[in-house]
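J.:
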Amino acid sequence: MFIHYYQKSDALTTGVTLRDPHLPAEGSMGIGNPNTHNEVMKNRQSFINELGITKDQWVQARQTHSDVVCEVTHQNGGWGFDEIMMAVQDCDALYTDETDLLLAIFTADCVPVIFWDDESTLIGVIHSGWRGTVQGITPKALLQIQSEKNFQMDHLHVELGPSLSMEHFEVDKDVYELFHHLGYATHYSAYHPETHKYHIDNQGVVYEQCKRIGIPESNITRSTFDTFSEDTGFSYRQDKTKGRHMSFIIRRG
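Here the sequence shown is numbered in the numbering used here, starting from 35 and rising by one per residue.
(1) Quick one: residues in its chain with C-beta nearer than 6 Å to the C-beta of alanine 224, no 5 flanking neighbours on either side, listed in chain order?
(2) Within 10 angstroms of its Cβ, does arginine 286 collect 16 or more other Cβ (buried), or is it exposed?
(3) Tell me whether the beta-carbon of leucine 128 lies closer than 9 Å to the beta-carbon of glycine 158.
(4) Over the uninterrupted alpha helix (DSSP H) stretch that includes alanine 175, give me the two end residues.
(5) Hey, could you find the ends of the alpha helix (DSSP H) phenylalanine 81 is sitting in?
(6) Could you give the residue range of the beta strand (DSSP E) that holds histidine 189?
(7) Does the beta-carbon distance from serine 100 to aspartate 131 come in below 9 Å?
(8) Please report the Cβ distance between leucine 295 and isoleucine 284, rounded to the nearest whole angstrom; I am assuming they are in contact, meaning their Cβ atoms lie under 8 Å.
(9) Considering only residues of the stretch 105 to 134, which uninterrupted beta strand (DSSP E) runs meet the minimum length of 3 residues and lie entirely inside it, listed in chain order?
(10) Pick helix, strand or coil for glycine 166, following the three-state DSSP scheme.
(11) Straight-line CA distance for cysteine 104 to cysteine 125?
(12) Starting from the Cα of serine 162, find the closest Cα among Ala142, Asp151, Gln178 and give me that residue.
(13) Taking only the alpha-carbon atoms, compute the straight-line gap between valine 102 and serine 43 and give it to the nearest angstrom.
(14) Check whether the stretch 229 to 248 touches the stretch 163 to 182, counting contact only when three or more Cβ pairs, one atom from each stretch, lie closer than 8 Å.
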């Protein structure tokens with residue numbers, strides 16, 4: 035299993051799965067494509083074997099580019115492992131304060147956000163495609179969770195994983211204006227007059243959103259991995275791939 039770990043200890047494990055041509059379905063972990071279902075299940079089984087967990091410790095959402103945030107517990111264990119329609123429905127951010135529960139989010143250009151609190155057992159994942167970013171899913175999720183769990187933002191750690199680079203995220207004026215209306219995304223956009231297109235650093239905007247709600251820059255890690263240009267990347271924009279990276283976090287009890 036081709037896994038890049040951000041953190042790997044007895045207490046906390048975070049990371050992302052990468053594309054590998056030697057694996058079934060090139061290492062895809064996304065279960066939404068019926069043509070590769072059996073291959074993806076082999077990858078998922080290899081993954082849980084690698085981490086020493088069971089499928090009943092796995093929770094994922096059926097992502098819809100929403101700004102919906104869902105708390106999950108061991109009662110949700112196993113949701114989405116075998117079938118996408120059995121996942122947490124219509125949700126793009128998951129969090130829990132229970133240990134020994136793996137939270138997973140799936141991307142192929144969008145920004146995966148992994149977060150955890152230093153002072154509690156709180157962990158979570160967020161899927162921030164450009165629609166989610168302009169809806170403010172990351173700050174909305176973190177502020178909502180803070181109001182419920184009462185943690186301090188300066189104790190939060192955030193990993194922004196592999197995503198589409200600014201160079202390759204080319205949009206028309208309508209999408210640019212959605213980012214522009216945020217009021218703080220100008221630094222993360224550029225107009226190319228030769229193509230009449232705008233380029234957006236979606237990950238950069240999510241980074242700015244995290245800073246603006248009080249997460250210290252030193253607590254935010256930004257991956258430089260461009261899903262479009264890296265051989266081990268899944269990029270929907272490049273080739274309409276059905277393959278998906280999985281970003282994940284689990285805190286051990």
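In this text, a Cβ means the ideal position worked out from N, Cα and C, and glycines have one as well.
All figures in this text were calculated on a predicted structure; none of them were measured in a lab.
T.: By the coordinates alone:
(1) Short of 6 Å from the beta carbon of alanine 224, and not among the five residues preceding or following it, lie these beta carbons of its own chain, in chain order: His233.
(2) For arginine 286, the number of other beta carbons within 10 angstroms of its own is below 16, and it is reported as exposed.
(3) Their beta carbons are under 9 Å apart, which means leucine 128 touches glycine 158 by this criterion.
(4) Element bounds for alanine 175: 171 to 183.
(5) First-last of the alpha helix (DSSP H) with phenylalanine 81: 71 to 85.
(6) No beta strand (DSSP E) contains histidine 189, which DSSP labels as neither H nor E.
(7) Serine 100 places its beta carbon 9 Å or farther from that of aspartate 131.
(8) The structure shown has nothing for residue 295, since the chain only spans 35 to 287.
(9) Within the stretch 105 to 134, the runs of beta strand (DSSP E) that reach at least 3 residues and sit entirely inside it are, in chain order, 127 to 130.
(10) Looking at glycine 166 - three-state DSSP - the assignment turns out to be helix.
(11) The alpha-carbon atoms of cysteine 104 and cysteine 125 are separated by roughly 7 Å.
(12) Checked all of Ala142, Asp151, Gln178; the closest Cα to serine 162 is Ala142.
(13) Our two residues, valine 102 and serine 43, have alpha carbons roughly 30 Å apart in a direct line.
(14) By the criterion of at least three beta-carbon pairs nearer than 8 Å, the stretch 229 to 248 is in contact with the stretch 163 to 182.
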